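Here the protein sequences line up with chains Y and G, keeping their order.
With this note's numbering, the residue at position 79 of the first sequence is 79, and numbering never jumps.
So this note's numbering is basically just the index in the second sequence, starting at one, shifted up by 237.
Okay, so here's the structure we're looking at.
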Amino acid sequence: MKLGVFELTDCGGCALNILFLYEKLFDILEFYEITEFHMASSSRSREKLDVAIVTGTVSTQRDLEVLKDARNRSEYLIALGTCATHGSVQGSVDDTKAAFRRIYGDIRGPTKVFDPRPVVDHVPVDFAIPGCPYNKEELFQVLMELARGVEPVAKDYPVCLECKLNEYECVLLKKGIPCLGPVTAGGCNAQCPALGLGCIGCRGPSMDANIPGMVEVLKNILPEEEISKKLRTFARW
Amino acid sequence: MIIELDEFTRVEGVGKAEIVVENGTIKEARVKILEGPRFFEVLTLGRNYWDVPDLEARICAICYLSHSIASVRAIENALKIDVPESVNKLRELGLWGEIIESHSLHLYLLALPDVLGYPDAISMVQRHGEIIKEGLAIKALGNTIREVIGGREIHGINVKPGGFGRYPSEAELENIAKHARSLVRFARRVVGIFASQEPRGAKAETAMTTSEYLWGDELIIEGERIQYEDLEEVPVSYSFAKHTYYKGSPIFVGALARVLLKGIAESGEAERLLREHREKIESRYVIYNNLAQAIELVYALEKVSKICEELLCEGIEKVIVEPEEKEGEGVGYVEAPRGVLVHHYRIEDGKIVWSNTITPTAFNQGIMELSLLEDARRMYGSLPEDSLKAKLEEVIRAFDPCISCSVHFVKM
Chain Y
1 MKLGVFELTD CGGCALNILF LYEKLFDILE FYEITEFHMA SSSRSREKLD VAIVTGTVST
61 QRDLEVLKDA RNRSEYLIAL GTCATHGSVQ GSVDDTKAAF RRIYGDIRGP TKVFDPRPVV
121 DHVPVDFAIP GCPYNKEELF QVLMELARGV EPVAKDYPVC LECKLNEYEC VLLKKGIPCL
181 GPVTAGGCNA QCPALGLGCI GCRGPSMDAN IPGMVEVLKN ILPEEEISKK LRTFARW
Chain G
238 MIIELDEFTR VEGVGKAEIV VENGTIKEAR VKILEGPRFF EVLTLGRNYW DVPDLEARIC
298 AICYLSHSIA SVRAIENALK IDVPESVNKL RELGLWGEII ESHSLHLYLL ALPDVLGYPD
358 AISMVQRHGE IIKEGLAIKA LGNTIREVIG GREIHGINVK PGGFGRYPSE AELENIAKHA
418 RSLVRFARRV VGIFASQEPR GAKAETAMTT SEYLWGDELI IEGERIQYED LEEVPVSYSF
478 AKHTYYKGSP IFVGALARVL LKGIAESGEA ERLLREHREK IESRYVIYNN LAQAIELVYA
538 LEKVSKICEE LLCEGIEKVI VEPEEKEGEG VGYVEAPRGV LVHHYRIEDG KIVWSNTITP
598 TAFNQGIMEL SLLEDARRMY GSLPEDSLKA KLEEVIRAFD PCISCSVHFV KM
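Structure below.
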């Protein structure tokens with residue numbers, strides 16, 4: 001099977017994380033030929049792809065063209081990482097034009113700039129793996145399932161569930177630390193509560209997330225404007 | 238006529254370049270950063286200082302810990318938070334881990350294919366599998382250190398103003414020290430490979446570093462001690478990254494600048510390797526940033542085991558120090574793997590009201606262009622256009638550019 005990795009505007013981490021699979025990367029190479037991956041290879045290809053992985057937000061005209069090309073050339077498209085699935089931190093800019101002027105003055109820049117939006121807002125995607133960063137194991141599983149012709153299933157439970165399974169002390173209720181675990185999609189194995197810190201919501205909302213309930217609990221710990229900033233850091237709920 | 242270099246490959250982020258030819262001579266070279274703007278300075282505004290290092294980490298995946306630590310140091314300077322010596326040592330350990338992770342990624346997976354004549358590391362596996370595996374083993378140690386200190390391989394949230402969320406165990410430190418020591422002999426091999434490169438690119442005449450090896454309260458440039466405000470920033474119409482100059486000269490930051498200006502002290506193998514290759518390093522050609530990184534990789538492995546041993550011997554004070562003040566202004570200078578990184582905040586009532594970030598790739602924009610210009614002049618006409626483009630891209634790669642970082646270089 002032919003695999004392509006495409007980077008739009010982001011921190012580079014989602015593409016990099018694929019290389020962090022180490023020996024599992026060699027397992028993937030048993031099933032896939034990576035024909036396009038600009039961060040890792042100078043080879044350029046115009047081939048049809050079985051699977052395209054797209055990371056980052058659509059923030060420029062160039063990003064949109066790369067995304068459309070990836071969609072048109074591929075059978076199966078995976079939006080990888082919270083930038084691609086929910087917009088992540090850079091997607092939370094309210095007024096791109098004003099922000100741009102503030103930073104660059106009157107200069108127009110080398111290409112047209114858009115409001116940073118997730119890949120899923122622009123093209124249909126076949127599967128989305130959120131996370132900033134995403135869980136490498138999850139990507140590995142999804143690629144292996146696809147190689148075997150199995151449609152992968154998205155995780156629909158909150159981070160809280162993984163925290164309970166690990167028997168971590170509840171940082172929100174026991175320690176009074178702001179934590180978005182109750183409303184954030186699981187799949188990260190509750191990495192932040194494992195450090196004794198609150199979940200920052202980097203995987204975006206879980207299914208059936210009770211946002212008003214979350215806000216009520218957080219009101220005892222945080223001023224209201226901070227609650228909304230916290231909730232809107234990685235996803236537009 | 239314009240010779241267009243396609244979007245750079247084997248670098249982080251989206252950028253390309255063009256060489257302007259007029260009447261058969263090279264007139265100009267432009268590096269065009271096309272990565273979309275990412276607005277981090279705007280995003281930090283109005284946020285509680287506690288949440289900001291986690292947000293700033295997202296600027297870059299390859300050097301997230303450098304961003305977290307620069308952010309935390311700026312906040313601690315602003316709010317007068319004085320952390321214990323062991324907290325600083327753990328942060329140093331994290332930064333050395335990041336240098337190990339980042340340099341090994343660049344040297345083994347991105348730059349080595351240039352030296353050995355391959356399009357990528359994956360196609361090198363058949364004939365040079367061993368060295369790729371050595372590189373991956375070193376890189377994995379770098380990531381382990383980032384995980385232990387930062388909380389995750391990428392974008393961890395464990396580095397906090399005043400200390401850490403979770404402190405490492407003795408077993409973790411012992412494990413890191415043991416692995417670091419055993420990897421030195423692998424890293425040594427890659428030094429020889431990069432010493433074989435021919436001199437290319439411009440000379441790093443105006444090199445800049447932080448005042449201590451990994452951080453500092455001042456910057457050192459050409460024998461002078463300055464603050465970053467003493468540099469001159471110029472926006473350019475063809476790129477999302479601005480250019481920086483010191484007294485009219487383009488600046489160079491990175492491993493070559495560090496090794497040149499600070500040398501390598503109190504280490505065994507790295508010090509010996511630096512002596513062996515001193516002439517090449519002192520020639521200042523930017524292609525030898527690769528060589529400097531390779532020597533620094535050995536240095537990092539030696540430092541890591543030393544710091545772990547010190548921490549195991551002296552013990553760790555497991556605290557999160559509360560701020561004395563709720564407002565103030567502070568700068569954090571850190572040596573990211575690619576060079577000087579600046580975070581600067583003004584904080585009022587615990588919230589960020591003004592914010593500025595300058596990254597190493599932004600500092601290096603000017604000398605990147607100068608390198609393309611000089612090399613294009615040297616090689617134009619004597620090579621087919623495709624080979625010329627490939628050679629020019631190799632020089633860009635030697636800067637180890639991190640383009641995602643460079644696009645929010647701003648003074649607000």
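C-beta atoms are modelled at their ideal positions from N, C-alpha and C, and glycine is treated no differently.
Source: prediction; values computed, not measured.
I think residue 613 of chain G touches residue 523 of chain G, with their Cβ atoms under 8 Å apart; what is that distance to the nearest whole Å?
-> Taking the first residue of the second sequence as position 1, residue 613 of chain G is located at position 376. Taking the first residue of the second sequence as position 1, residue 523 of chain G is located at position 286. Residue 613 of chain G to residue 523 of chain G, Cβ: 14 Å. No contact.
Kindly list, in the order they appear in chain Y, the residues whose Cβ is closer than 7 Å to that of residue 601 of chain G.
-> Start at 1 with the first residue of the second sequence, and residue 601 of chain G comes out as number 364. Chain Y residues near residue 601 of chain G: none, gap ~17 Å exceeds 7 Å.
When G:575, G:556, G:474 are compared against residue 488 of chain G, the one with the closest alpha-carbon = What you label residue 488 of chain G is simply residue 251 of the second sequence in a count that begins at 1. Looking at the Cα atoms, G:575 is the closest of the given residues.
Comparing the C-beta of residue 148 of chain Y with each C-beta of chain G, is any distance below 8 Å?
-> In the first sequence, residue 148 of chain Y corresponds to position 148, counting from 1. No, residue 148 of chain Y lies away from the interface with chain G (no Cβ there is under 8 Å from its Cβ).
Touch test, the region 322-340 of chain G against the region 385-393 of chain G, Cβ-Cβ under 8 Å, three pairs minimum = Counting C-beta pairs with one atom in each stretch, the region 322-340 of chain G and the region 385-393 of chain G have three or more that are closer than 8 Å, which means they touch.
Could you confirm whether any beta carbon from chain Y is found closer than 8 Å to the beta carbon of residue 482 of chain G?
-> The count along the second sequence starts at 1 and reaches residue 482 of chain G at position 245. Using a CB distance cut-off of 8 Å, residue 482 of chain G does not count as an interface residue toward chain Y.
Taking residue 303 of chain G as the reference, which of G:336, G:423, G:272, G:610 has the closest Cα?
-> Locating residue 303 of chain G in the second sequence gives position 66, counting from the first residue. Per the Cα distances, G:336.
Residue 100 of chain Y at chain G interface by Cβ criterion, 8 Å = Numbered from 1 along the first sequence, position 100 holds the residue referred to as residue 100 of chain Y. With 8 Å as the cut-off, residue 100 of chain Y counts as an interface residue toward chain G.
Starting from the C-beta of residue 538 of chain G, find all residues in its chain whose C-beta is less than 7 Å away, skip the five residues before and the five after it, and write them out in chain order.
-> What you label residue 538 of chain G is simply residue 301 of the second sequence in a count that begins at 1. Taken in chain order, the residues that qualify are 337, 417, 420, 421, 424.
Beta strand (DSSP E) segment containing residue 240 of chain G, residue limits = In the second sequence, residue 240 of chain G corresponds to position 3, counting from 1. Element bounds for residue 240 of chain G: 239-242.
N-terminal and C-terminal residue of the alpha helix (DSSP H) that residue 365 of chain G is part of = Here residue 365 of chain G corresponds to residue number 128 of the second sequence, with the count starting at 1. Per DSSP, residue 365 of chain G belongs to the alpha helix (DSSP H) from 362-387.
Hey, quick one: how far does the beta strand (DSSP E) through residue 294 of chain G stretch, first residue to last?
-> Position 57 of the second sequence, counted from the start, is the residue given in the question as residue 294 of chain G. Here residue 294 of chain G belongs to no beta strand (DSSP E); instead the alpha helix (DSSP H) covers 289-294.
Comparing the CB of residue 47 of chain Y with every heavy atom of the ligand ZN, is any distance shorter than 7 Å?
-> Among the ligands in the structure shown, none appear at all, so the ligand ZN cannot be discussed.
How about residue 114 of chain Y and residue 159 of chain Y: do their beta carbons lie closer than 8 Å?
-> For the purposes of this step, residue 114 of chain Y is taken as the residue at position 114 of the first sequence. For the purposes of this step, residue 159 of chain Y is taken as the residue at position 159 of the first sequence. Taking 8 Å as the Cβ cut-off, residue 114 of chain Y and residue 159 of chain Y do not qualify as a contacting pair.
Thinking C-alpha only, which one of G:609, G:351, G:462 is nearest residue 255 of chain G?
-> If you number the second sequence from 1, residue 255 of chain G lands on position 18. Nearest option by C-alpha distance: G:609.
Does residue 12 of chain Y come within less than 8 Å of chain G when only Cβ atoms are used?
-> Sequence index remark: in the first sequence, residue 12 of chain Y carries index 12 (1-based). Output row for residue 12 of chain Y: interface = yes.
Residue ranges of each alpha helix (DSSP H) within the region 285-351 of chain G, 4 or longer | Here the runs fully enclosed are 289-294, 301-316, 322-341.
Beta-carbon neighbours of residue 403 of chain G, restricted to chain Y and to distances below 7 Å | Position 166 of the second sequence, counting from 1, holds the residue named residue 403 of chain G. The answer, in chain order, is 195, 196.
Counting pairs of Cβ atoms below 8 Å between the region 559-572 of chain G and the region 403-412 of chain G, do you hit three or more?
-> Segments in contact, no.
Assigned secondary structure, residue 397 of chain G (DSSP; H/G/I helix, E/B strand, else coil) | Taking the first residue of the second sequence as 1, we reach residue 397 of chain G at position 160. For residue 397 of chain G, the three-state secondary structure derived from DSSP is strand.
Just list the alpha helix (DSSP H) runs in the region 144-207 of chain Y, keeping only unbroken ones of 4 residues or longer that don't cross its boundaries, in chain order.
-> Listed in chain order, the alpha helix (DSSP H) runs fully inside the region 144-207 of chain Y are 159-165, 191-194, counting runs of at least 4 residues.
Cross-chain neighbours of residue 203 of chain Y in chain G, by beta carbon under 9 Å | Residue 203 of chain Y sits at position 203 when you count from the first residue of the first sequence. Within chain G, no C-beta atom comes nearer than 9 Å to that of residue 203 of chain Y; the closest sits roughly 12 Å away.
Would DSSP call residue 416 of chain G helix, strand or coil?
-> Against the second sequence, residue 416 of chain G aligns to sequence position 179. Residue state, collapsed to three classes: helix.
Rounded straight-line distance, which links the Cα of residue 428 of chain G to that of residue 5 of chain Y = Within the first sequence, residue 5 of chain Y is the residue found at index 5, counting from 1. Within the second sequence, residue 428 of chain G is the residue found at index 191, counting from 1. In a straight line, the C-alpha of residue 5 of chain Y is about 31 Å away from that of residue 428 of chain G.
Under a CB-based cut-off of 8 Å, is residue 133 of chain Y close to chain G?
-> Along the first sequence, read from residue 1 onward, the residue named residue 133 of chain Y stands at position 133. Residue 133 of chain Y belongs to the set of residues whose beta carbon lies under 8 Å from a beta carbon in chain G.
Should residue 605 of chain G go down as buried or exposed, given a rule of 16 or more other Cβ atoms within 10 Å for buried?
-> Residue mapping note: residue 605 of chain G aligns to position 368 of the second sequence, counting from 1. Around the beta carbon of residue 605 of chain G, a 10 Å sphere encloses 16 or more other beta carbons of the protein chains shown; the residue is thus reported as buried.
Could you give the DSSP three-state label for residue 58 of chain Y: helix, strand or coil?
-> Walking along the first sequence from the start, residue 58 of chain Y turns up at place 58. Strand.
Pick out whichever of Y:163, Y:207, Y:103 has its Cα sitting closest to the Cα of residue 154 of chain Y.
-> In the first sequence, counting from the first residue as 1, residue 154 of chain Y sits at position 154. Checked all of Y:163, Y:207, Y:103; the closest Cα to residue 154 of chain Y is Y:207.
Listing by chain order, which chain G residues have their CB less than 7 Å from the CB of residue 116 of chain Y?
-> Stepping through the first sequence from its first residue, residue 116 of chain Y is reached at position 116. Think of a sphere of 7 Å around the beta carbon of residue 116 of chain Y: the chain G residues whose beta carbon falls inside it are 273, in chain order.
Given residue 631 of chain G as reference, the closest of G:381, G:353, G:339, G:318 once Cα atoms are compared = On the second sequence, residue 631 of chain G is found 394 positions in, with the first residue counted as 1. Residue G:353 holds the alpha-carbon nearest to the alpha-carbon of residue 631 of chain G among G:381, G:353, G:339, G:318.
Is it buried or exposed for residue 464 of chain G, if we count other Cβ within 10 angstroms and need 16 for buried?
-> The residue labelled residue 464 of chain G in the question sits at position 227 within the second sequence. Looking at its Cβ environment, which holds fewer than 16 other Cβ atoms inside 10 Å, residue 464 of chain G is exposed.
Is it true that the CB of residue 495 of chain G sits closer than 8 Å to the CB of residue 450 of chain G?
-> Here residue 450 of chain G refers to the residue found at position 213 when the second sequence is read from its first residue. Here residue 495 of chain G refers to the residue found at position 258 when the second sequence is read from its first residue. Cβ distance < 8 Å, so residue 450 of chain G and residue 495 of chain G count as in contact.
Give every residue of the same chain whose Cβ lies closer than 8 Å to the Cβ of residue 293 of chain G, excluding the five residues on either side of it in the sequence, and list them in chain order.
-> On the second sequence, position 56 is the one that residue 293 of chain G refers to. Taken in chain order, the residues that qualify are 277, 281, 304, 305, 307, 308, 580, 594.
Pair within 8 Å by beta-carbon distance, residue 201 of chain Y and residue 161 of chain Y = To locate residue 201 of chain Y, count along the first sequence from 1; it is residue 201. To locate residue 161 of chain Y, count along the first sequence from 1; it is residue 161. For residue 201 of chain Y and residue 161 of chain Y, no; Cβs fall outside 8 Å.
Spatial distance of residue 648 of chain G from residue 472 of chain G (CA atoms) = Counting from 1 along the second sequence, the entry for residue 648 of chain G is found at position 411. Counting from 1 along the second sequence, the entry for residue 472 of chain G is found at position 235. For residue 648 of chain G, the pLDDT reaches just 42, beneath the cut-off of 50, and the residue's location in the model is therefore unreliable, leaving the point undetermined.
Using a C-beta to C-beta distance shorter than 8 Å, which residues of chain G count as neighbours of residue 63 of chain Y?
-> Start at 1 with the first residue of the first sequence, and residue 63 of chain Y comes out as number 63. Listed by position along chain G, the residues whose Cβ is nearer than 8 Å to that of residue 63 of chain Y are 273.
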